[in-house]
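Below is one structure; the comments refer to it alone.
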Amino acid sequence: MVDVAPSQGSSDEDSSRASDEEKIEAWRQRSRKKAKKKGSFWRELPVLVVVAVGLAFLIQTFLARVYMIPSESMEQTLHGCTSPCFGDRVLVDKVTYNFTDPAPGDVVVFHGPDAWINQDFAPAEPDNPVVGFFQGLGSLVGVPTANKEDFVKRVIAVGGQKVSCCDNQNRVMVDGKPLDEPYLYWEPGRGTSQDSFAEVTIPDGYLFVLGDNRNDSCDSRCQARDKGPQAGLVPVDNVVGKARVIVLPPSRWQGVGDHNPQAVALGAPGWQDAVPLGVGLVGAWPLLLVSRRVRARFRLFRERRSGLG
127 MVDVAPSQGS
137 SDEDSSRASD
147 EEKIEAWRQR
157 SRKKAKKKGS
167 FWRELPVLVV
177 VAVGLAFLIQ
187 TFLARVYMIP
197 SESMEQTLHG
207 CTSPCFGDRV
217 LVDKVTYNFT
227 DPAPGDVVVF
237 HGPDAWINQD
247 FAPAEPDNPV
257 VGFFQGLGSL
267 VGVPTANKED
277 FVKRVIAVGG
287 QKVSCCDNQN
297 RVMVDGKPLD
307 EPYLYWEPGR
317 GTSQDSFAEV
327 TIPDGYLFVL
337 GDNRNDSCDS
347 RCQARDKGPQ
357 AGLVPVDNVV
367 GKARVIVLPP
377 SRWQGVGDHN
387 PQAVALGAPG
397 WQDAVPLGVG
407 LVGAWPLLLV
417 SRRVRARFRL
427 FRERRSGLG
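Heads up: the sequence shown runs through residues 127 to 435, numbered per the numbering used here.
Okay, structure coming up:
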């Protein structure tokens, strides 16, 4: 009688088949997970878009908004030319004036009063309704476009002040004192003499504004022609916000200066000029003492460690 050993072939085949089935099942599970992830992304995408648009709308309505500078009236503080340079895009802070009023030197964006006519520029209205729709949509989410009803100028005088031009050195006067205006730009070929105008008293709640490119700006002087001096004034309620930063083009990234032109003219007493220095010295003295103590303790710590070593 011949003993026959039992064959192991069928067992090996079963284990191999089981291993293959496990791999296939694992692959199917991974595929289902990937499909679920893809499906989940496409279902969530519209929600993400709606949330993004909603956030953009809220931010530009209540916090800040980017505006395009379409004219040369604020050269060279803000570039507005279209050739050969690229018009600036500025970030306008819409929060500050909820707590304080515009001050002399602030560069502000505002809605033009009813009497104003925008002679600085005339934005072309799109003939194609589709283009108009996408322009409106872009404006909703913060893409800047030129608006014929919005202006950007510098505040020169506020309510209760009297402004006129000019003294014998061609300077604007506020309350009988000349302004210090280092931001002025005299466009080549246009001369360096600004138009004179009679004294105007600014009522409370109004602003007198001028462009930095003084000979190429339709501002409170220009708008008052043939309409009376009050027609050129801007209600504080019309101010959208304060221009803070140039965000485009990258070569122009910088803050927007708000030098107060009345600061030198009003002539603060000498002792007030020394206040910042005095405050700095008072604050620096305890800081110096603390830093000395810290250095001494650190030096002692190092000596002890080196002694232990």
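From the three backbone atoms N, C-alpha and C, an ideal C-beta is built for every residue, glycine too.
Since this is a predicted model, take the numbers as computed values, not measurements.
Please decide whether residue 290 counts as near chain C, where near means a Cβ-Cβ distance under 7 Å. Protein chain content of the structure displayed is limited to a single chain, and chain C is not contained in it.
contact_flag[the region 277 to 284, the region 228 to 247] where n(CB pairs < 8 Å) is 3 or more: Here the region 277 to 284 makes contact with the region 228 to 247; the two share three or more CB pairs at distances below 8 Å.
For residue 401, collect the residues of the same chain with a Cβ closer than 7 Å to its Cβ; drop the 5 residues on either side in sequence, then sort them by chain order. Annotation note: pLDDT 45 at residue 401 (below 50); position unreliable, coordinate value reported separately. Taking residue 401 as the centre and dropping the five residues before and after it, the same chain places no C-beta closer than 7 Å to its C-beta.
State the Cα-Cα distance for the pair residue 315 and residue 304, rounded to the nearest angstrom. Roughly 25 Å separates the two Cα atoms.
For residue 367, which option in 216, 284, 202, 349 has the closest C-alpha, if you only look at C-alpha atoms? With distances taken between Cα atoms, residue 367 lies closest to 216.
Would you please state the rounded distance, in angstroms, between the beta carbons of residue 227 and residue 362? I believe it to be under 8 Å. Right, the Cβ-Cβ distance comes to about 6 Å (below 8 Å), so this counts as a contact.
Residue 283 (DSSP reduced to helix, strand or coil): Note: residue 283 maps to strand in three-state DSSP.
DSSP-derived helix/strand/coil call for residue 332: Correct three-state label for residue 332: strand.
Residue 322 versus 373, 355, 311, 328, residue with shortest Cα-Cα distance: 355 is the residue among 373, 355, 311, 328 whose C-alpha sits nearest the C-alpha of residue 322.
By the 10 Å Cβ neighbour count, where 16 or more other Cβ atoms means buried, how is residue 339 classified, buried or exposed? Around the Cβ of residue 339, a 10 Å sphere holds 16 or more other Cβ atoms; the residue is buried.
Tell me, to the nearest whole angstrom, how far the beta carbon of residue 334 is from that of residue 289; I am working on the premise that it is less than 8 Å. Contact between residue 334 and residue 289 holds: their C-beta atoms lie close to 5 Å from each other, under 8 Å.
As a quick exercise: from 319, 193, 189, pick the residue whose alpha carbon is nearest that of residue 275. Checking every option, the nearest Cα to that of residue 275 belongs to 193.
CB residue 306 to CB residue 299, shorter than 7 Å? Not closer than 7 Å, so no.
Counted within 10 angstroms of its Cβ, other Cβ atoms place residue 286 as buried (16 or more) or exposed: Exposed: under 16 other Cβ atoms inside 10 Å.
Pull up the distance between the alpha-carbon of residue 229 and that of residue 211, whole angstroms please. Whole-angstrom Cα-Cα distance: 30 Å.
Alpha-carbon spacing of residue 329 relative to residue 357, whole angstroms: Answer to the nearest angstrom: the Cα atoms are 12 Å apart.
Let's see if you can read the secondary structure: which residues bound the alpha helix (DSSP H) around residue 215? Careful: residue 215 lies outside any alpha helix (DSSP H), inside the beta strand (DSSP E) at 215 to 219.
Length of the line joining the Cα atoms of residue 199 and residue 241: Roughly 19 Å between the two C-alpha positions.
Can you have a look at residue 317 and say buried or exposed, based on whether 16 or more other CB atoms are within 10 angstroms of its CB? So residue 317 counts as exposed.
Counted within 10 angstroms of its Cβ, other Cβ atoms place residue 326 as buried (16 or more) or exposed: So residue 326 counts as buried.
In this structure, does DSSP put residue 349 in helix, strand or coil? The answer is helix: DSSP assigns residue 349 an H, G or I state.
Among 337, 301, 302, whose alpha-carbon lies nearest the alpha-carbon of residue 312? The candidate whose alpha carbon is nearest that of residue 312 is 337.
CA nearest to the CA of residue 364, picked from 296, 332, 190, 309: For the residues 296, 332, 190, 309, the minimum Cα distance to residue 364 belongs to 332.
Best match in 283, 284, 341 for proximity to residue 296 [C-alpha to C-alpha]: With distances taken between Cα atoms, residue 296 lies closest to 341.
Residue range of the unbroken beta strand (DSSP E) whose run includes residue 193: 190 to 194 is the span of the beta strand (DSSP E), which, as asked, contains residue 193.
Can you tell me where the beta strand (DSSP E) holding residue 290 begins and where it ends? Segment 288 to 291, the beta strand (DSSP E) holding residue 290.
Cα separation between residue 387 and residue 195? Each residue's alpha carbon lies about 23 Å from the other.
Got a sec, what are the start and stop residues for the beta strand (DSSP E) residue 305 sits in? First-last for residue 305: undefined, no H or E at that position.
Where DSSP assigns a beta bridge to residue 243, which residues make up the other side? Here residue 243 is not bridged, per DSSP, to any residue.
Tell me the DSSP secondary structure of residue 298 in three-state form. In the structure shown, residue 298 falls within a strand segment according to DSSP collapsed to helix, strand and coil.
Indicate the three-state DSSP secondary structure (helix, strand or coil) for residue 327 in the structure shown. Residue state, collapsed to three classes: strand.
If the criterion is Cβ atoms closer than 7 Å, does the pair residue 204 and residue 214 meet it? Yes, the pair counts as a contact, with Cβ atoms nearer than the cut-off.
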